[in-house]
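Here's the structure, in structure tokens; my notes come after.
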DNA sequence: CCAGATATATGACTGAAATCATATGGAAGC
DNA sequence: GCTTCCATATGATTTCAGTCATATATCTGG
């Protein structure tokens, strides 16, 4: 199912797509007709410098939407390439704009979605600006980001899994985290101070 | 002047505020009545763990808006504290919501603002996920982020100014950038390959 | 049940950015 | 014009995350 409020769009506005590894979803020069929900896989948004160097704008993963700004723009600002086999839903821009005009609740919910996303991204950006691995991991766990595996957390917060495991061990020794199981850590409720 | 579309709000929706260093703008427990435009200064949004550790959610600087998500929420999710003397404009949440309902152009422009902001943040997040200083700086310059001083760029992209100057020198030696003046660098138009 | 794959965990070593230090060029204020 | 302050720039040292290696635990599929 699509995330709110896209789940209320008529089926005529939606078009499923499948991409193989390396396939191009759209190019910078294409007129932007769709925004996308990525069911599964990995799509990369890229720009290129005049000298031909690729600049990665965004990495979209399963469950995420992307190219939202194309709603309000007459150009895509980047190319979109599937880095893995990917399943998507293309959502028609014109029909979304029409729905926004006709259905103020939809427009409202879309704004809410954008605002919430902005907030989450600001938090994540602040997380990435923490240089120290232990501090970054502590903040990530405080943000409730350790839901799956430690490995996936590590990838999510821009650290190697080795650095992550080490920092988790250190934070546990320091009493800032408690290890509740293999690969499971929680915030310590009461700050304890131990060297280590 | 306020950024689009807040500049179209009636004056009754706006309330200027000044905060001294360390003053609290709002607390997590406060009902969210305003979103804010920060004219100048530095406001930090923070949460606290049960053990009392502060988690920085966002650093707002001059020219930015923050607490947008409060429009759609019944709670602030963090405390807001001025880290420097700051001038703000508090924008009334109720009146903004009312304007959104009554003026679809305003609602549309607000969505557009949010979507653009999301896009910019995703780009910046991708920038921060580049570990190598030279590569990060190259991407930042390709994104047109070197408008002011090198020092402010360095702070903006999460590197020390020393690392930034060194990387700029290296990229220039490699022919990927051209130095157009003291503290001024641009992308080289044609990729040249030199060791260094 | 067994084999292979993946996640967890940690040790050793390396490399790159942070830190600390120093020097110079410009801009701003007196 | 002179002083002060900040940005630019680079050298020396340290620190810490990355990389490479190894071992074990758990999960998955045949």
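Residue numbers (the working numbering), protein chains in the order written: chain A, -10 to 185; chain B, -10 to 185. Note that CB positions come from ideal geometry on N, CA and C, so glycine has one too.
Exercise for review: Could you round the C-beta distance between residue 21 of chain A and residue 82 of chain A to whole angstroms and report it? I think they count as a contact, below 8 Å.
Suggested key: 6 Å
Check your understanding: Within the 7 Å Cβ cut-off, does residue 87 of chain B reach chain A?
Key -> no
Check your understanding: Counting Cβ pairs closer than 8 Å, one from the stretch 117 to 136 of chain A and one from the stretch 135 to 144 of chain B, do we hit at least three?
Key -> no
**Study point:** With 16 other Cβ atoms within 10 Å as the buried cut-off, status of residue 30 of chain A
**Key:** buried
Review point. Name the chain A residues that come within less than 8 Å of residue 147 of chain B, Cβ to Cβ?
Key: 117, 118 and 120
Review point. DSSP on residue 76 of chain A, reduced to helix/strand/coil?
Key: strand
Point to revise | Residue ranges of each beta strand (DSSP E) within the stretch 39 to 108 of chain B, 3 or longer | key: 43 to 50, 53 to 55, 68 to 71 and 75 to 81
Practice item. Work out the CA separation of residue 40 of chain B and residue 175 of chain B for me, nearest whole Å. Key: 47 Å
Review point. When Cβ atoms are compared, which residues of the stretch 89 to 105 of chain A fall closer than 8 Å to chain B?
Key: 89, 90, 93, 96, 97, 99, 100, 101, 103, 104 and 105
Check your understanding: So, does the CB of residue 150 of chain A fall closer than 7 Å to a CB anywhere in chain B?
Key -> no
**Study point:** Assigned secondary structure, residue 135 of chain B (DSSP; H/G/I helix, E/B strand, else coil)
**Key:** coil
Check your understanding: Leaving out five residues before and five after residue 19 of chain B in sequence, what residues of the same chain have Cβ atoms less than 6 Å from its Cβ?
Key -> 65
Practice item. Compute the distance between the beta-carbons of residue 34 of chain B and residue 67 of chain B, then report whether it is under 7 Å. Key: yes
Check your understanding: From which residue to which residue does the beta strand (DSSP E) around residue 12 of chain A run?
Key -> Looking at the DSSP string, residue 12 of chain A is not in any beta strand (DSSP E), and its letter there is neither H nor E.
Review point. Taking Cβ positions only, does residue 107 of chain A come closer than 7 Å to chain B?
Key: yes
Practice item. Report the rounded CA-to-CA distance for residue 145 of chain A versus residue 50 of chain A, giving the unit in angstroms. Key: 11 Å
Practice item. Check residue 110 of chain B in the structure and name its three-state DSSP category. Key: helix
Review point. Just the Cα atoms here: how many angstroms apart are residue 142 of chain A and residue 110 of chain B?
Key: 20 Å
Point to revise | C-alpha gap between residue 161 of chain A and residue 147 of chain B, whole angstroms | key: 27 Å
Review point. Quick one: what does DSSP say residue 166 of chain B is sitting in, helix, strand or coil?
Key: strand
Check your understanding: Would you say residue 50 of chain A faces chain B, with C-beta separation under 7 Å as the test?
Key -> no
Point to revise | Min CB distance residue 179 of chain B to chain A below 7 Å | key: yes
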